[in-house]
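Enquirer: Next up is a structure, given as structure tokens.
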Amino acid sequence: MTQIDTSVPHSARIWNYWLGGKDNYPVDEAAGDAYTAVFPGIVTIARSSRAFLGRSIRYLVREAGVRQFLDVGTGLPTVDNTHEVAQRLAPEARIVYVDNDPLVLAHARALLTSTPEGATAYEPISLFEPEEVLAAAGKTLDLTRPTALILSGILGHVADYDQARDLVRRLLAGLPSGSHLSLNEGSRGTDPAYEQAQDAYNETGAVPYFLRPVEQIEAFFEGLELVAPGVVSVPLWHPEPGAPTDPIGQHGGLGRKP
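For the sequence shown, our numbering assigns the number 273 to the last residue and increments by one with no breaks.
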């Protein structure tokens, strides 16, 4: 296994820290605190992104009848992982997690619990190898049946936008009609303090994350039928009753493959 470097901040561990988790090191807490000193709203963004993921999965199970999920760029296990949300509503749901980060691999056992009726699997493959991702997913999922592709906060790590769009297209190409894309990403042009904090983080030596204009996030859904209300700031997407709906710098949506 690749050595886990605890001397450089790591985005998955910092995200875990902001979510209230314990799978992080002092270097991550320091980087997370430096970020929040410039932009305290990042904690809200982290938690709102996670909440959006849960709501989109519940929609997919209840409204779209989806029972298969391909979660690429999984990140560290936390509360309400994809299989937990899906199998709570549909015990027969099948989930494949994909992430080649050695840190995530070290914690993958937490992602492999499953109901007896369903299944979960973990594949240590890079997002940059979409055909290999699909081939591995096909060992657990029936890719002739509708499948939900989940890309939650991962495409910002792809520096080249055209390459990021190509990766989405290639992943969707291996999924049949009736499949869905659930995607959310950090958005540029919403808050200067957010952009300042992110730009400073990108200079720390950690793997950078690039905020993108909302229209670029919308373009990831090209060729798909957007579920209303479309691509919006994530608190505005099917909010739970009484939940905050103040717009933040994280946009996402859900699209169906015709």
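Glycine is no exception: its CB is placed at the ideal position from the N, C-alpha and C atoms.
Only a predicted model underlies this, so the values are computations on that prediction, with no experimental measurement involved.
1. I need the DSSP call for LEU190, collapsed to helix, strand or coil.
2. So SER202 packs on LYS272, CB below 8 Å; how close in whole Å?
3. How many angstroms separate the CA atom of VAL229 from the CA atom of THR51?
4. What span of residues does the beta strand (DSSP E) with SER167 cover, start to end?
5. Quick one: what does DSSP say GLY201 is sitting in, helix, strand or coil?
6. With distances taken Cα to Cα, identify the nearest neighbour of GLU132 among GLU147, LEU126 and PRO106.
7. LEU118 and VAL76 look like a contact to me (Cβ under 8 Å); what is the Cβ gap, rounded to whole Å?
8. Using only the alpha-carbon positions, how far apart do PRO145 and LEU127 sit?
9. Look at the alpha carbon of GLU147 and the alpha carbon of PHE67, and state the distance between them as a whole number of angstroms.
10. For THR159, does the count of other Cβ atoms within 10 angstroms reach 16, so buried, or fall short, so exposed?
11. Per DSSP, GLN83 forms a beta bridge with which residues?
Expert: On the basis of the data shown:
1. The DSSP-derived three-state label of LEU190 is coil.
2. Not really, about 24 Å apart at Cβ, beyond 8 Å.
3. Roughly 23 Å separates the two Cα atoms.
4. 163-167 is the extent of the beta strand (DSSP E) around SER167.
5. If DSSP states are grouped into helix, strand and coil, GLY201 belongs with the strands.
6. Considering only GLU147, LEU126 and PRO106, the residue with the shortest C-alpha distance to GLU132 is PRO106.
7. Not quite, the Cβ-Cβ distance comes to about 29 Å (not below 8 Å), so this is no contact.
8. Taken atom to atom, the span from the alpha-carbon of PRO145 to that of LEU127 is near 22 Å.
9. If you take the alpha carbons of GLU147 and PHE67, they lie about 27 Å apart.
10. THR159 should be labelled exposed.
11. ARG109.
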